[in-house]
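First the structure, in the form of structure tokens, and then the observations on it.
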Amino acid sequence: MRSPSFLRLLSKEFRELLASRAFWLLLLFVGFLVGHSFTTAVALYAEMSGTGGPAALPQGLTSLDGVLVPTWGAYDLAATLLFPFVAIRMVSAEKESGALKLLLQLPGTLGSKLAAKGLVLLFAWLVAWLPGIVAIFLWRSYGGHTYTPETLNLLLGHLLRGLLSGGLGVAAAAIAEGAASAAIITLAFTVGTWALDFVAAGRGGLVQQLASYTPTAALRSFEQGLLRFSVVVVIVILSCAAFVLAGIWLNIGQTIKIRLLTTLALLIVTFGAVVAGANLRASRDLSENHRNSFSTVDETALRSINQPLKITIFLSPEDPRLTDFEQNVLKKLRRSLDKLDVEYAASSRTGLFNSEEHYGEIWYELGGQKIVERSTIEEVVLDQIYTLSSVAVPDRSGDEGYPGYPLAAQPKHAAAIFYFFWPLLVIATWWLSRRF
Amino acid sequence: MLTVEGLTKKFGARRVLAEVSFTIGAGEVLGLIGPNGAGKTTVLECLAGLLPTNSGAFNYNGSPLSARHRKEALFYVPDGILPWAQQTVKWVLTFFERLYAQAPEKLAALAGPLRLEEIKGSRIATLSKGERKRVLLALGLLTSHPLLLLDEPFDGLDLRQTRDVMPLLRSESATGRTLFVSIHQLNDAAKVCDRLVLLNAGERVAEGTLAELQKQARLTDGGLEEIFLALT
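So the sequences go chain by chain: A and B.
If you want this note's numbering, it's the position in the first sequence, counting the first as 1, plus 3.
If you want this note's numbering, it's the position in the second sequence, counting the first as 1, plus 1.
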């Protein structure tokens with residue numbers, strides 16, 4: 004990897020990146036997107052913090068939810084609609100111009116050539132982060148609070164999101180005849196994952212587990228301050244598999260039959276690796292307000308339950324009570340209990356005009372006993388579980404609450420930075436790069 | 002140096018090469034001649050490993066040519082490509098020069114006959130067909146493989162440029178390097194090649210020196226055009 008030829012290949016890919024209009028357009032538009040998201044988020048946060056109206060409860064005001072996630076949401080959009088085109092261009096330009104025929108004969112394996120492309124794409128994605136990083140510093144300069152572990156976790160989520168998008172773009176460009184077809188493949192994949200997200204909501208089982216690794220769902224856990232090792236491993240596996248797939252299809256000296264068979268083998272190996280990775284249960288709650296965990300005393304009490312708990316939910320996927328239950332209770336229970344089985348028993352999608360006999364009920368079964376409950380409030384649910392398992396309800400009075408960080412600041416200088424200086428910097432750098 | 006035996010290539014049901022066999026001798030300039038659509042480029046791309054073959058064997062110095070050996074043994078310069086179009090000629094040439102650890106004198110020696118000085122600051126995308134061809138030839142000559150495959154090295158060059166390039170190829174061969182060139186201009190082929198392989202409709206029609214081809218065509222006199230017409 005560190006051979007002189009690899010460094011030369013890396014330098015070639017770097018120059019090709021600088022010659023790519025898609026890259027400069029990504030930089031230009033990402034500045035506008037981040038700028039708009041940031042100014043809107045800061046203004047809304049100020050409004051919620053008490054400027055010109057009633058303030059929200061301070062405990063509900065977190066910089067992560069109020070400013071960082073919406074601002075960096077611009078990168079989710081960029082990773083979906085802009086960055087894949089940078090990746091596609093890295094491969095398609097060489098395929099269409101015939102340069103691929105020279106590239107394949109150059110020193111180094113095809114793997115090292117794809118690694119050079121991957122590293123340069125990673126560099127491109129990190130450069131595109133500059134407006135987002137500037138936004139974080141601006142927020143700090145206004146007096147805004149940030150909590151380093153949850154901020155770094157969010158950045159890790161976007162790094163993986165970019166890695167997956169880049170891999171997907173490169174694979175699509177390697178398989179498709181031209182850049183336009185590659186773009187269609189990439190967008191079809193994205194739309195497919197959105198559809199999977201929608202279909203899997205409130206379904207449970209394999210479909211829901213699969214859907215938790217779609218780019219949007221995977222990013223969501225990082226946005227919640229949760230570091231799930233299974234998500235990290237699965238996204239890295241999928242990204243690497245995408246580059247290997249690109250390698251298979253760029254090996255134009257092989258017959259289509261061999262490429263198809265190798266692709267099939269890759270899919271089988273990737274599926275196995277993803278299933279193994281998805282079984283990793285380790286996770287860290289890096290959010291400052293520990294939103295992904297119960298209180299320390301409850302966590303300790305829950306860990307003492309060894310019997311399997313079965314929860315049967317009679318709530319339809321679009322019922323807001325199910326969303327509450329998922330976010331406030333189930334997500335935490337999955338992290339706290341090793342033996343948890345969740346069944347979604349409602350048959351309708353919306354729950355409107357539902358005449359199912361048990362609709363709205365949530366059944367808890369443990370050690371042959373069953374409790375039926377309708378509440379989705381954390382404390383109520385936990386108390387029911389303690390009753391079933393004969394574990395004493397812990398004393399929660401000592402838990403310190405999250406203070407919250409209200410801030411009524413205006414996004415000073417943000418418009419000038421994101422709408423004027425950033426585009427100017429991008430255009431000037433592009434112009435300078437053309438001279439070398 | 003390299004023997005090709007029974008090379009067959011099909012695109013779907015269409016057979017474009019049928020049991021083609023020939024030998025490339027060390028240090029020679031071997032010409033692959035034939036009309037458009039004869040399969041010349043396909044032969045070169047199969048040899049370079051850029052196209053899968055249906056059958057056939059390549060032996061390099063007595064051993065089967067594996068993918069790894071191929072990369073060390075030969076380099077193929079395709080015709081009509083536009084590599085790294087947004088880069089300057091100077092950068093692309095320097096990239097190859099450094100990649101193959103060539104001494105600066107090598108590129109300097111190519112600059113005159115290929116008239117690279119006048120285009121070195123231009124981007125590849127802005128070059129004319131002839132200028133691109135000169136850059137591609139330079140790239141091929143900057144590699145260090147014992148066997149260099151050139152697809153239509155004179156296509157796009159004017160008469161004066163062709164006359165400049167021919168001695169360059171001969172002098173490259175004189176250094177011990179083997180050249181295998183596909184050419185459809187028969188007069189040019191006769192001037193630059195030591196031996197020739199005549200391909201027609203995917204089949205090898207003849208192979209040998211000009212004198213040997215004349216004999217095969219049962220001609221006592223006449224150039225390559227007459228031989229070609231007599232044999233195809």
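Ideal Cβ placement from N, Cα and C applies to all residues, glycine included.
{"Asked": "Those residues which DSSP pairs with residue 64 of chain B across a bridge", "Found": "B/61"}
{"Asked": "Residue interval of the beta strand (DSSP E) (run including residue 132 of chain A)", "Found": "Element bounds for residue 132 of chain A: n/a, residue is neither H nor E."}
{"Asked": "Alpha carbon of residue 28 of chain A to alpha carbon of residue 28 of chain B, nearest angstrom", "Found": "50 Å"}
{"Asked": "Listed by chain order, chain A residues near residue 99 of chain B by CB distance under 7 Å", "Found": "11"}
{"Asked": "When A/321, A/293 and A/304 are compared against residue 406 of chain A, the one with the closest alpha-carbon", "Found": "A/293"}
{"Asked": "Length of the line joining the Cα atoms of residue 46 of chain B and residue 54 of chain B", "Found": "10 Å"}
{"Asked": "Reduced DSSP secondary structure (H/G/I, E/B, other) of residue 3 of chain A", "Found": "Lying outside 4 to 439, the shown extent of chain A, residue 3 of chain A is not represented and no answer is given."}
{"Asked": "Strand pairing of residue 366 of chain A, partner residues [DSSP]", "Found": "A/315 and A/375"}
{"Asked": "C-beta neighbour in chain E for residue 258 of chain A, strict 8 Å", "Found": "The chain labelled as chain E is not found among the protein chains of the depicted structure, namely A and B."}
{"Asked": "In DSSP terms, what residue 208 of chain B is bridged to", "Found": "B/198"}
{"Asked": "Residues in the segment 81-97 of chain B having any Cβ partner in chain A nearer than 8 Å", "Found": "81, 82, 83, 84, 85, 86, 87, 88, 92 and 96"}
{"Asked": "Residues near residue 145 of chain B by beta carbon distance below 8 Å, same chain, minus five either side", "Found": "101, 102 and 103"}
{"Asked": "Cβ distance (whole Å) where residue 74 of chain A is taken to contact residue 37 of chain A below 8 Å", "Found": "6 Å"}
{"Asked": "Interface positions of the segment 106-130 of chain A facing chain B (Cβ-Cβ less than 7 Å), listed along the chain", "Found": "107, 108, 109 and 110"}
{"Asked": "Contiguous alpha helix (DSSP H) assignments of at least 4 residues, all confined to the segment 222-268 of chain A", "Found": "232-253"}
{"Asked": "Where residue 271 of chain A falls, given that 16 or more other Cβ within 10 Å makes a residue buried", "Found": "exposed"}
{"Asked": "Beta carbon proximity, residue 153 of chain A to chain B, threshold 8 Å", "Found": "no"}
{"Asked": "CB-CB length for residue 318 of chain B against residue 90 of chain B, believed under 8 Å", "Found": "For chain B, the structure presents residues 2 to 233; residue 318 of chain B sits outside this window and is missing."}
{"Asked": "Nearest candidate by alpha-carbon position, reference residue 370 of chain A, set A/311, A/411 and A/349", "Found": "A/311"}
{"Asked": "Bounding residues of the alpha helix (DSSP H) (the contiguous stretch that carries residue 3 of chain A)", "Found": "Residue 3 of chain A lies beyond the stretch modelled for chain A, which goes from 4 to 439, so this question has no answer here."}
{"Asked": "Rounded C-alpha distance that separates residue 365 of chain A from residue 80 of chain A", "Found": "37 Å"}
{"Asked": "Buried/exposed call for residue 278 of chain A, threshold 16 Cβ in 10 Å", "Found": "exposed"}
{"Asked": "Residue environment, residue 20 of chain A, which counts as buried when at least 16 other CB atoms sit within 10 Å", "Found": "buried"}
{"Asked": "Local Cβ density within 10 Å of residue 184 of chain B, reported as buried at 16 or more and exposed below that", "Found": "buried"}
{"Asked": "Limits of the unbroken alpha helix (DSSP H) element including residue 395 of chain A", "Found": "Taken as a continuous stretch (DSSP letters only), residue 395 of chain A belongs to no alpha helix (DSSP H), as it is neither H nor E."}
{"Asked": "Beta-carbon proximity of residue 417 of chain A to residue 141 of chain A, cut-off 8 Å", "Found": "yes"}
{"Asked": "Selected residue, minimal CA-CA separation from residue 348 of chain A, among A/328, A/367, A/316 and A/321", "Found": "A/316"}
{"Asked": "Chain B contact residues for residue 22 of chain A, given Cβ-Cβ distances below 7 Å", "Found": "87 and 88"}
{"Asked": "Segments assigned beta strand (DSSP E), at least 3 residues, entirely inside the segment 124-166 of chain B", "Found": "148-152"}
{"Asked": "Test item: CB-CB of residue 16 of chain A and residue 119 of chain A under 8 Å", "Found": "yes"}
{"Asked": "Touch test, the segment 188-196 of chain B against the segment 220-229 of chain B, Cβ-Cβ under 8 Å, three pairs minimum", "Found": "yes"}
{"Asked": "Beta-carbon gap between residue 273 of chain A and residue 240 of chain A smaller than 8 Å", "Found": "yes"}
{"Asked": "Length of the line joining the Cα atoms of residue 61 of chain A and residue 267 of chain A", "Found": "53 Å"}
{"Asked": "Runs of alpha helix (DSSP H) lying entirely within the segment 106-150 of chain A, each at least 4 residues, in chain order", "Found": "113-131 and 133-144"}
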